[in-house]
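Position in the sequence shown (first residue = 1) + 3 = our numbering. Cβ coordinates follow ideal geometry from the N, Cα and C atoms, glycine included. Computed from a prediction, not measured in an experiment: that's the story for all the values here.
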Amino acid sequence: MPSPALLRFIEQAQGLGFTLREIASVEIQPGAHIVSCTDALALLAKKRDTVTALIAEARDRKRRIEALMTELEASKKAQLAAVE
C-alpha cells in the first residue's frame with residue numbers, strides 16, 4: 004500500500020496538472036520528503052513552461068476569435084444597411 008506521503012504527493016501533483024505518467028517518472032525516495040528539491044524544482048519549472056505556452060496559445064486564439072467576430076459584426080451591419 005502506498006505511503007501517506009506518496010498519496011499526498013500524487014494528489015498535489017495531479018492538482019497542479021501533472022499527468023500520472025509525469026508523476027510516475029519521478030524518482031521516489033524513502034522518508035518524509037519523497038521527492039528531492041532538485042527533482043521537484045525541475046519538474047515544476049517544466050510544467051510552468053508548459054502552462055505558459057498554453058496560456059500564450061489561448062491568448063492568440065482569443066485574439067483571432069475576437070478579430071473574426073469584429074469582422075462578422077461589420078459584415079452583418081453592412082448587409083443590414085444595404086437592405087434599408
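Start-to-end residues for the alpha helix (DSSP H) that takes in I26:
If you number the sequence shown from 1, residue 26 lands on position 23. Looking at the DSSP string, the run of the alpha helix (DSSP H) that includes I26 is L23 to A27.
Do you know whose CA, among F21, V86 and E87, lies nearest A48's CA?
Locating residue 48 in the sequence shown gives position 45, where the first residue counts as 1. That would be F21, whose Cα lies nearest to the Cα of A48.
Assess contact between the region 37-51 and the region 8-27, defined as three or more Cβ pairs (one per stretch) separated by less than 8 Å. Is contact present?
yes
Buried versus exposed call for A16 [16 or more other C-beta atoms within 10 Å across all chains shown]:
Residue 16 sits at position 13 when you count from the first residue of the sequence shown. Looking at its Cβ environment, which holds 16 or more other Cβ atoms inside 10 Å, A16 is buried.
Quick check on this structure: which residue in S28, A77, A8 and A59 has the alpha carbon closest to the alpha carbon of L46?
Mapped onto the sequence shown, residue 46 falls at position 43. Nearest C-alpha to L46: S28.
Can you tell me where the alpha helix (DSSP H) holding S6 begins and where it ends?
On the sequence shown, position 3 is the one that residue 6 refers to. S6 -> no alpha helix (DSSP H), and no H or E assigned at all.
Apart from the five residues on each side of it in sequence, which residues of its chain come closer than 8 Å, Cβ to Cβ, to V54?
On the sequence shown, position 51 is the one that residue 54 refers to. Excluding residues within five positions, the ones whose Cβ falls inside 8 Å are G20.
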